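Following: one structure in structure tokens, then a few remarks.
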Amino acid sequence: MRLVTLEAGDNFAWIRIERDAKRNALNTQARDELREILEQTANEFSVLAITGQGKSFCAGVDLKEINEHAARGSSAPLEDWRALNLSIRKHPAIFIAAVNGLALGGGATLIGLCDLAIAASDVEIGLPEIGFGMYANPAGPAVQLNLSRKRAAWLLLTANRISGTTAAEWGLVNEAVDAEALEARVSALAKQISRFDKTALAETKQALDKIPLDIASWESAFEFGVGVNQRISQLSDVTATGLENFSAGGRNPGQG
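The opening residue of the sequence shown carries number 2 in the numbering used here; numbering runs sequentially from there.
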């Protein structure tokens, strides 16, 4: 029985974590299946939406399994999990988190990793690791790269959970919606983005990481932007045809 499934749509697909009995915690099997899906979809879909089955989005990695490995003196699951997170950031598709329920630790990591996120208003998001005597890693970095210091500190130092509504106010997610409207909203957003050129989306995703993480000055950022558009033009004719279409009175694909 698969724990992570792929549901193909029109130019986008849903990745569903289906381990509801364990709050969708990602054990070795689930991580392996997610890795397989990432490899499978690298050149297939321009947008991927990820969500959980049942009442949880994702409770992170499977702590029981982690403890078993720790008892044997191995940190393999944590190393594997960190590598999997980096694979999501390196993946060319735009990722949208559909936060349907509880998101703890690694679930918050997934939210931070995704390019966009929509949450149900009443979900709970938190970093419990300080209660275990740990710095939340990689959840801490994923949250810190999305929030101001004080807001990240609140999650990291108190272990208090925030609602989907608060996560939207803080900027950890883009929007908070009623739970029953979540999938429809994410599907509409995925379809909107999937109308754009795949190459342009992939290059823009990389630019979102480079600026300001690696490039902080205005001049360097502008020069980097020139290079991004040059690569898009080399890999796709979308820029030329798009500008010609717009000049002739056409509509931007994102306008429907």
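Ideal placement from N, C-alpha and C gives every residue a C-beta, glycine not left out.
None of the values given here were measured: they were computed from a predicted structure.
- Here G113 is near A143, since their CB atoms are less than 8 Å apart.
- Here A217 is not near V174, since their CB atoms are 8 Å or more apart.
- I89 and E204 have their alpha carbons spaced roughly 15 Å apart.
- Using a Cβ distance threshold of 8 Å, A222 and I233 do not count as a contacting pair.
- Taking 4 residues as the minimum length, the alpha helix (DSSP H) runs contained wholly in the stretch 40–127 are 64–72, 77–91 and 107–114, in order along the chain.
- Across the structure, V227 and F197 are spaced so that their CA atoms are roughly 19 Å apart.
- Of all alpha-carbon atoms in T167, L87 and I97, the one lying nearest the alpha-carbon of S195 is that of I97.
- The continuous alpha helix (DSSP H) containing R152 extends over residues R150 to T159.
- Of the residues L7, V62, D11 and L103, the one whose Cα lies closest to the Cα of R83 is V62.
- L27 has V62 as its beta-bridge partners, per DSSP.
- Partner residues in a beta bridge of T200, as assigned by DSSP, do not exist.
- Assigned with DSSP and collapsed to three states, A9 falls in strand.
- Cβ contact annotation for E184 (same chain, cutoff 7 Å, sequence separation greater than five): A99, in chain order.
- If you draw a straight line from the Cα of L105 to the Cα of S237, it comes to about 40 Å.
- Boundaries of the alpha helix (DSSP H) harbouring E224: W219 to L236, taken from the DSSP string.
- Nearest to Q54 by C-alpha distance, out of K65, D11, N12 and V5, is V5.
- Note that the C-beta distance between N86 and F46 is not below 8 Å.
- Residue state for E170 is assigned as helix, using DSSP reduced to three classes.
- One alpha carbon belongs to L35, the other to A137, and they sit about 22 Å apart.
- Rounded to whole angstroms, the Cβ separation of I18 and L7 is 11 Å, and the two are not in contact under 8 Å.
- DSSP places E19 in the coil class of the three-state scheme, outside both helix and strand.
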